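Here's the structure we're looking at; comments come further down.
2 protein chains.
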Amino acid sequence: MRRKNLSGETCPIARTLDVIGDWWSLLIVRDALRGMSRFSEFQKSLGVSKNILTRRLRTLVEQGVLEQVPAADGSAYQDYRLTDKGRRLFYVLVALGQWGNENLERPAGQPRSRFVDREHLQPIQRLEVHAADGRLLKPGDTMLMRID
Amino acid sequence: MRRKNLSGETCPIARTLDVIGDWWSLLIVRDALRGMSRFSEFQKSLGVSKNILTRRLRTLVEQGVLEQVPAADGSAYQDYRLTDKGRRLFYVLVALGQWGNENLERPAGQPRSRFVDREHLQPIQRLEVHAADGRLLKPGDTMLMRID
DNA sequence: CCGTATCCATTCCGATACTG
DNA sequence: CAGTATCGGAATGGATACGG
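Listed below in structure tokens is the structure:
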């Protein structure tokens, strides 16, 4: 049988995973956040074959995460740009990157790497989760899922 | 050919995706954050077949996201508990959930759902990213990846 | 340079049947 | 209840060749 379709789930996490719950999609968004927009840039950065890059870009466009605009350099092709919706995946990527930096071994001799905002060159220090009453929530706090 | 192994990448996002960059893993962690620990609980919640649940649980244990402890109720089986490392995926799940709630359609008639901390019953209000100089970073700020 | 079209290998997922 | 074993179908990823 085929993989389950989560788009009808109540849980927003499940619905999100249905959209970008794969590997390449999030890495493409990462590169787009770093300013990449051309097919060849993504391909070079990811080392992925062209046919599957095509497929991923297409579904990201279909889902409104990316949009195609005529290339800025006047070439016959398209630029792939993040939509606002796609740009908001920023938080997801920061969370993934922070978890990796703090919880996974770096391969020997590899430096650390993280997002920096281009204007002020300030690296990201931390990610905070605030409750409705203003308190800061920590990973240890027991959670449940509430239906509003 | 087989899928690329990202565990040797410099980018922490890529390394993280190598560990939990699939569907079921993150949904299992979600349920574990909600307090689930038993095989049957996960299976019922996820609607996944038992053989693949077994596989996922095993790899999550291997990667140190879950650990097996003797069942609290004295039965012959195991409880699957989040390790600290696994518990820190909290931020990733909050980010995914927030993105889903704010950027995806809910299926018709479905209510909203989100994490609430069990003690104070406060729902999560927002997620913030702070730069090293204290400023708040927004999705629109252009980012680049810096190697430290 | 930017893709599309094939083809093949592998992996993944689900159903089912079985065990203690 | 908590798995394991096996099977088949589907989706995925990669190599490669081709076309605008």
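Protein sequences, first through last, are from chains R and B.
Residue numbering for the first sequence follows the working numbering, starting at 716 and increasing by one per position.
Residue numbering for the second sequence follows the working numbering, starting at 716 and increasing by one per position.
Note that CB positions come from ideal geometry on N, CA and C, so glycine has one too.
Small disclaimer: the values here were computed from a predicted structure and weren't measured.
Check distances from the C-beta atoms of the segment 837 to 853 of chain R to those of chain B and list, in chain order, the residues that come in under 9 Å.
The residues in question are GLN837, PRO838, ILE839, GLN840, ARG841, LEU842, GLU843, VAL844, HIS845, ALA846, ALA847, ASP848, GLY849, ARG850, LEU852, LYS853.
In chain B, what lies closer than 7 Å to PHE830(R) by C-beta?
In chain order: MET858, MET860.
So LEU775(R) is in the alpha helix (DSSP H); what residue range does that whole segment cover?
Bounds of the alpha helix (DSSP H) holding LEU775(R) are 765 to 777.
Min CB distance ALA787(B) to chain R below 8 Å
It does not: the Cβ of ALA787(B) has no partner Cβ on chain R nearer than 8 Å.
Cα separation between LYS853(B) and ARG841(R)?
Rounded to whole angstroms, the separation of the alpha carbons of ARG841(R) and LYS853(B) is 13 Å.
Suppose you measure from the CA of LEU768(B) to the CA of SER790(B); what does that come to, to the nearest Å?
Rounded to the nearest angstrom, the two C-alpha atoms are 20 Å apart.
DSSP beta-bridge partners of VAL844(R)
Beta-bridge pairing links VAL844(R) to LEU852(R), LEU842(B).
Range of the contiguous alpha helix (DSSP H) that encloses VAL809(B)
Counted as a single uninterrupted DSSP element, the alpha helix (DSSP H) harbouring VAL809(B) occupies residues 805 to 818.
Cβ-Cβ separation, ASP863(R) to ARG827(B) (assumed contact under 8 Å), whole Å:
Sure, about 4 Å apart at Cβ, within 8 Å.
With the cut-off set at 8 Å, would you say ARG730(R) and SER740(R) are in Cβ contact?
Not a contact, by the Cβ cut-off of 8 Å.
Does the separation of the CB atoms of ARG803(R) and SER752(R) fall below 8 Å?
No, these two residues do not count as a Cβ contact at 8 Å.
Pairwise C-alpha distance: ALA747(R) and LYS719(R)
Linking LYS719(R) to ALA747(R) through their CA atoms gives a straight-line distance of about 28 Å.
With distances taken Cα to Cα, identify the nearest neighbour of GLU777(B) among VAL734(B), VAL844(B), VAL744(B), GLY750(B).
Out of VAL734(B), VAL844(B), VAL744(B), GLY750(B), VAL734(B) has the C-alpha closest to the C-alpha of GLU777(B).
If you follow the alpha helix (DSSP H) that PRO727(R) is in, where does it begin and where does it stop?
Run containing PRO727(R): 727 to 735, per the alpha helix (DSSP H) assignment.
What are the boundary residues of the beta strand (DSSP E) that LEU797(B) is part of?
Run containing LEU797(B): 793 to 797, per the beta strand (DSSP E) assignment.
Close beta carbons around ARG771(B), own chain, < 7 Å, minus the five adjacent residues each side:
Excluding its 5 nearest sequence neighbours in each direction, ARG771(B) has C-beta neighbours in its own chain below 7 Å: TRP739, SER740, ILE743, listed in chain order.
Taking just the CA atoms, how far does PHE754(R) sit from GLU834(R)?
Whole-angstrom Cα-Cα distance: 25 Å.
With a CB to CB cut of under 6 Å and the five nearest residues on each side skipped, what residues in its chain are close to LEU808(B)?
Spatial neighbours of LEU808(B) in its own chain (CB-CB distance under 6 Å, excluding positions within 5 residues in sequence) are listed in chain order as ARG745.
If distances are taken between C-alpha atoms only, which option among ARG717(B), ASP856(B), ARG749(B), LEU732(B) comes closest to VAL831(R)?
Of ARG717(B), ASP856(B), ARG749(B), LEU732(B), the residue nearest in Cα terms is ASP856(B).
ALA823(B) classed as buried or exposed, judged by whether at least 16 other C-beta atoms fall within 10 angstroms
By the Cβ neighbour-count rule, ALA823(B) is exposed, with fewer than 16 other Cβ atoms within 10 Å of its own.
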